[in-house]
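In what follows, a single structure is set out as structure tokens and then discussed.
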């Protein structure tokens with residue numbers, strides 16, 4: 573409990589949900605770590621379509637614990653095993669997308685100082701997590717937490733990035749690029765512009781910003797400039813400046829369509845759009861110290 577934030581007698585107590593209090597501990601942001609996390613879909617029990625089966629959740633938990641004890645001679649994992657159960661997501665590139673019964677997010681961590689022995693161990697754990705099947709004997713499709721480790725690892729003996737690009741996210745990548753192309757067409761930029769500004773080696777290999785324009789989906793063809801200017805900026809703007817105002821923007825519900833479809837592009841792109849909207853008089857904010865973006869459906873703070 574000493575890791576939790578201290579509050580003096582004259583200070584206002586911090587109130588939050590217990591999982592948040594335990595997860596975001598004092599000083600943890602100062603520790604350099606290696607971190608691999610996967611998202612497993614929850615599936616139904618045999619003979620049911622709605623009752624969750626947690627068997628693979630238990631397997632993932634205990635397989636990771638067993639791997640840790642099996643490697644006690646050099647202890648590659650020197651920080652906790654963490655797991656949480658989440659819902660589904662409608663965001664195009666979210667690893668929780670279409671997990672109707674929910675998602676198990678499980679991760680292993682270690683200290684930066686043992687990086688030389690970490691990857692073989694993490695690969696061993698990943699092999700276990702990738703081996704599970706559901707009650708119909710179908711392989712459980714795991715997806716990475718995009719902000720953590722996934723790039724150096726293999727699935728079925730091949731680079732994970734290749735499986736993500738050609739199988740797991742094949743349809744989502746095409747949809748995502750189609751959405752970006754639709755937005756760019758209305759504002760005078762292309763996927764080539766995005767690639768030049770935001771791409772890196774990993775994004776390029778994942779084909780997220782290839783130069784080939786994708787065919788537009790029925791959803792994107794319905795979007796018009798009015799809808800594209802509707803961002804879910806309420807949380808972002810009020811975080812930047814509690815006194816900020818939003819003007820000429822529709823209801824909170826109306827703001828979802830553009831934000832949900834575009835958020836996978838990253839907070840830098842979103843912040844650029846906010847600046848544009850501000851210059852056009854669509855929104856009004858003063859400071860730009862913090863930008864809150866919901867990359868995978870949960871709030872995360874990013875410095876700007």
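Numbering (this note's numbering), first residue to last: 573 to 876. The beta carbon of each residue, even a glycine, is placed where N, CA and C say it ideally should be.
| Asked | Found |
| --- | --- |
| For the putative contact between residue 711 and residue 705, defined by C-beta atoms under 8 Å, what is the C-beta separation to the nearest angstrom? | 6 Å |
| With a 10 Å radius around its C-beta and 16 neighbouring C-beta atoms as the bar for buried, classify residue 675 as buried or exposed. | buried |
| Can you tell me whether residue 773 is helix, strand or coil according to DSSP? | helix |
| Enumerate in chain order the residues of its own chain whose CB-to-CB distance from residue 680 is below 7 Å, with the five nearest sequence positions on each side excluded. | 608, 636, 649, 653, 694 and 697 |
| Does the beta-carbon of residue 662, which I'm using as the reference point, lie nearer than 7 Å to any heavy atom of the ligand ADP? | By its list of ligands, the structure shown contains no ligand whatsoever, and the ligand ADP lies outside what it can speak to. |
| Check the DSSP bridge columns for residue 744 and list the partner residues they point to. | None, per the DSSP bridge assignment. |
| Look up residue 606 in the DSSP assignment and give the residues it is bridged to. | 682 |
| On the criterion of 16 or more Cβ atoms from any shown chain inside 10 Å, does residue 644 qualify as buried, or is it exposed? | exposed |
| In the structure shown, what three-state DSSP assignment does residue 731 receive? | strand |
| In whole angstroms, what is the alpha-carbon distance linking residue 616 and residue 673? | 7 Å |
| Which residue's Cα is closest to the Cα of residue 688: 767, 701 and 646? | 646 |
| Label residue 634 either buried or exposed according to how many other C-beta atoms from any shown protein chain fall within 10 Å of its C-beta, with 16 as the threshold for buried. | exposed |
| What are the partner residues of residue 677, as DSSP defines its beta bridges? | 611 and 656 |
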